[in-house]
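Numbering of the sequence shown is given in the UniProt record's numbering, commencing with residue 1 and proceeding in unit increments.
Everything below concerns the one structure shown next.
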Amino acid sequence: MVLLSFDIEEFDMPLEYKGEIPFEKQISISQTGLERILDILKKYNAKATFFSTVVFAENSKHLIERLLNEGHELASHTWFHSEFEEKHLKDSREKLEELFSTKVTGLRMPRMMPVNEKEVERAGYSYNSSINPTFLPGRYNNLKVSRTYFKEGNVTQVPASVSPNFRIPLFWLSFHNFPLSFYKKLAADTLKKDNYLNIYFHPWEFAEIKEEAFKLPGFTVKNSGKDMVERFDSFVGWLKDKGHTFGTFQEFQKQIER
1 MVLLSFDIEE FDMPLEYKGE IPFEKQISIS QTGLERILDI LKKYNAKATF
51 FSTVVFAENS KHLIERLLNE GHELASHTWF HSEFEEKHLK DSREKLEELF
101 STKVTGLRMP RMMPVNEKEV ERAGYSYNSS INPTFLPGRY NNLKVSRTYF
151 KEGNVTQVPA SVSPNFRIPL FWLSFHNFPL SFYKKLAADT LKKDNYLNIY
201 FHPWEFAEIK EEAFKLPGFT VKNSGKDMVE RFDSFVGWLK DKGHTFGTFQ
251 EFQKQIER
């Protein structure tokens, strides 16, 4: 099973690099990208999971309703993208459920931040996908964490996929910067070894984000916008041609817990 997931959030990354972007533009850029993602998924009848902040969801109700109507799963990316308190775990889950009348069972922390797992369980989640089990200088070192899913208390941990050899991360930055043929090889190796693939992206990657005012480094914007649309369309089509199935995290959890 291929687990495609998207962290749908206010596009505040320029602020990390001392760039400028008004809140309205943070939302509109992510909305543009999300529409493009949904169009590709619809083309291939591929189901996915969308981890949304409450801030983005409240400002994009029509798009959240669309993704739910098209069979995708809504999960929590907490309340804000750049501000976190433990109470946001439970509050965000309940708010998303209230806004969209759907069952929210999954969590992904913004920027894959560490989180108190007991609090995750207390907040009512059954799975958490907030670990990238690799080494990324300045961000995290999770080389001792399991590459594949495992149970922690009553919560299923579903780490992002890394290659079986050397733990090369298959996350969004790899997809943008590796040759697509090499990325496909890593994905194929991981599927063969693990029988599933968990890769994540963001909607703003599919929008135009090369404005000077954003001050984003080249490795974050390479193959973004229309280039990303074409690249991702090609990749999903390749997976489909290989006979792989696409599922939500909720479907995956049911399957592994049978």
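Every residue, glycine too, gets a C-beta built ideally from N, C-alpha and C.
Predicted model only: the values in this text are computed from it and were never measured.
Closest residue to residue i among the options (Cα-Cα distance)
i	options	result
Thr148	Val120, Gly71, Trp79, Lys192	Lys192
Val120	Ile168, Ala213, Val155	Val155
Pro14	Asp7, Lys42, Glu230, Ile29	Ile29
Glu97	Lys61, Asn132, Phe182	Lys61
Phe50	Leu197, Tyr140, Ile8	Ile8
Phe6	Ser76, Phe23, Gly19, Pro22	Ser76
Gly153	Tyr196, Leu186, Gly124, Tyr140	Gly124
Arg139	Pro203, Gln255, Val158, Pro114	Pro114
Phe4	Phe219, Ile256, Phe246, Glu257	Reading off the sequence, residue 4 comes out as Leu, not Phe. Minimum Cα distance to Leu4 is reached at Phe246.
Glu35	Phe175, Arg258, Leu63	Leu63
Asn141	Lys118, Met112, Asn116	Met112
Coil, strand or helix - residue i by DSSP
i	result
Ser30	helix
Ile199	strand
Thr105	coil
Ile21	coil
Val115	coil
Asn128	strand
Pro110	helix
residue 260	The shown model of the chain, from 1 to 258, leaves out residue 260, and the question about it has no answer.
Leu239	helix
Glu73	strand
Pro164	coil
Phe171	coil
Phe249	helix
Val2	strand
Arg258	coil
Pro179	coil
Ile209	coil
Phe219	helix
His62	helix
Nearest-angstrom beta carbon gap, residue j and residue i [assumed within contact, 8 Å]
i	j	result
Ser126	Gln253	7 Å
Ser92	Thr78	5 Å
Lys240	Tyr44	5 Å
His244	Val2	5 Å
Ile27	Glu10	6 Å
Ala57	Leu107	Ala57 to Leu107, Cβ: 14 Å. No contact.
Pro159	Pro133	4 Å
Phe249	Glu73	6 Å
Gly19	Leu216	7 Å
Gln157	Ile199	Gln157 to Ile199, Cβ: 16 Å. No contact.
Glu205	Trp172	6 Å
Leu197	Ser161	5 Å
Ala213	Ile21	7 Å
Leu180	Ser234	7 Å
Per DSSP, the bridge partner or partners of residue i
i	result
Glu152	Val155
Tyr140	Leu136
Ser52	Ile8, Ser76
Closer than 7 Å: residue i CB and nearest the ligand NAD heavy atom
i	result
Met1	Among the components of this structure there are no ligands whatsoever, and the ligand NAD is therefore not found.
Is the number of C-beta pairs between the region 85 to 103 and the region 137 to 153 that are closer than 8 Å three or more?
Contact between the region 85 to 103 and the region 137 to 153 is absent, because fewer than three Cβ pairs lie under 8 Å.
Three or more C-beta pairs under 8 Å: does that hold for the region 207 to 217 against the region 160 to 173?
The answer is no - the region 160 to 173 does not touch the region 207 to 217, with fewer than three Cβ pairs under 8 Å.
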